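Going by the working numbering, the first residue of the sequence shown is number 64, and it counts up by one from there.
Quick reminder that beta carbons are idealized off the backbone N, C-alpha and C, glycines included.
These figures come from a predicted structure and were not determined experimentally.
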Amino acid sequence: MPELKRLLWRLVFSTSQSPFSVWHWSIWRRQKQQRSRQCHYRLAAQRARPSQPLPITTELKRITYPTVLSDRQWAAAHRVIPVYSVGRPCTIDLRQVLNALFYMQANHCSWRMLPGHFPCWQTVSSYLYRWRRQGVWETICEAIRTTQ
Numbered sequence: 064m065p066e067l068k069r070l071l072w073r074l075v076f077s078t079s080q081s082p083f084s085v086w087h088w089s090i091w092r093r094q095k096q097q098r099s100r101q102c103h104y105r106l107a108a109q110r111a112r113p114s115q116p117l118p119i120t121t122e123l124k125r126i127t128y129p130t131v132l133s134d135r136q137w138a139a140a141h142r143v144i145p146v147y148s149v150g151r152p153c154t155i156d157l158r159q160v161l162n163a164l165f166y167m168q169a170n171h172c173s174w175r176m177l178p179g180h181f182p183c184w185q186t187v188s189s190y191l192y193r194w195r196r197q198g199v200w201e202t203i204c205e206a207i208r209t210t211q
């Protein structure tokens with residue numbers, strides 16, 4: 064829009080230049096901007112590409128923290144977590160939700176600072192708030208405490 068405004072201004076009010084030269088200069092300027100933009104995109108794409116191919120690993124690293132639930136603790140907690148029969152089926156690993164909650168409690172981090180291998184922070188917080196509202200959170204913590 065600024066280019067169009069400038070072009071109209073020069074065509075209507077300019078007396079020192081012919082309309083042809085103003086029009087020619089406008090076309091040249093737009094072509095130059097387009098070439099510059101394409102060059103910028105090409106250079107940015109080259110910088111983004113790695114020079115060496117990344118190694119392919121078939122084995123996933125399992126990240127462990129001191130707060131990760133053991134199998135016994137998970138079995139005790141799983142027994143007291145309610146199963147909801149209405150709504151969408153649960154696709155989230157509830158063990159990972161509990162691991163994320165205990166990680167947050169141990170490290171005193173905010174919701175958004177959860178590491179990427181945990182479920183997203185909105186999911187983790189919604190489970191915590193739901194379990195607290197229903198009184199299940201205290202039962203889960205007590206079940207885990209008794210297995211230690």
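Rounded to whole angstroms, what's the CA-CA distance from Q211 to D156? Just pull it up for me. Counting from 1 along the sequence shown, the entry for residue 211 is found at position 148. Counting from 1 along the sequence shown, the entry for residue 156 is found at position 93. When rounded, the distance between both Cα atoms is 22 Å.
Note down the Cα distance separating L191 from R100, rounded to an integer number of angstroms. Numbered from its first residue, the sequence shown carries residue 191 at position 128. Numbered from its first residue, the sequence shown carries residue 100 at position 37. Spanning the two alpha carbons is a distance of roughly 48 Å.
Grab me the residues of R175's own chain with a C-beta within less than 7 Å of its C-beta, minus the 5 sequence neighbours each way, in chain order. If you number the sequence shown from 1, residue 175 lands on position 112. Hits under 7 Å: W184.
Can you tell me the Cα-Cα spacing of R158 and A138, whole angstroms? Residue mapping note: residue 158 aligns to position 95 of the sequence shown, counting from 1. Residue mapping note: residue 138 aligns to position 75 of the sequence shown, counting from 1. Cα-Cα distance, rounded: 10 Å.
Along the chain, where does the alpha helix (DSSP H) that runs through K207 open and close? Walking along the sequence shown from the start, residue 207 turns up at place 144. Residue identity differs from the one stated: residue 207 is Ile in this sequence, not Lys. Note, I207: alpha helix (DSSP H), V199 to T210.
Among G198, H171 and V85, nearest to P145 - alpha-carbon criterion: Looking up residue 145 in the sequence shown gives position 82. Closest by alpha carbon: G198.
Less than 8 Å between C-beta atoms, sequence neighbours within five positions excluded: which residues of the same chain meet that for L132? Position 69 of the sequence shown, counting from 1, holds the residue named residue 132. Excluding residues within five positions, the ones whose Cβ falls inside 8 Å are A140, R158, L161, N162, F165 and I207.
In or out: L123 buried (at least 16 other Cβ within 10 Å) or exposed? Taking the sequence shown and counting its residues from 1, the one referred to as residue 123 is at position 60. At L123, the pLDDT of 48 sits below 50, so the modelled position is not reliable and the matter cannot be decided from this model.
Classify S188 as helix, strand or coil using the three-state DSSP reduction. For this step, residue 188 is matched to residue 125 along the sequence shown. Three-state DSSP puts S188 in a helix.
If I measure Cβ to Cβ from W194 and keep anything under 6 Å in the same chain, skipping five residues before and after, which residues do I get? By 1-based counting over the sequence shown, the position of residue 194 is 131. Excluding positions up to five away in sequence, the list reads W200.
Short of 8 Å in beta carbon distance, which residues of its chain neighbour Q168, apart from the five on each side in sequence? Order them along the chain. Sequence index remark: in the sequence shown, residue 168 carries index 105 (1-based). Excluding residues within five positions, the ones whose Cβ falls inside 8 Å are T130.
Measure from the alpha carbon of N170 to the alpha carbon of each residue in Y128, L106, C153 and V85, then state which is nearest. The sequence position of residue 170 within the sequence shown is 107, counting from 1. For the residues Y128, L106, C153 and V85, the minimum Cα distance to N170 belongs to Y128.
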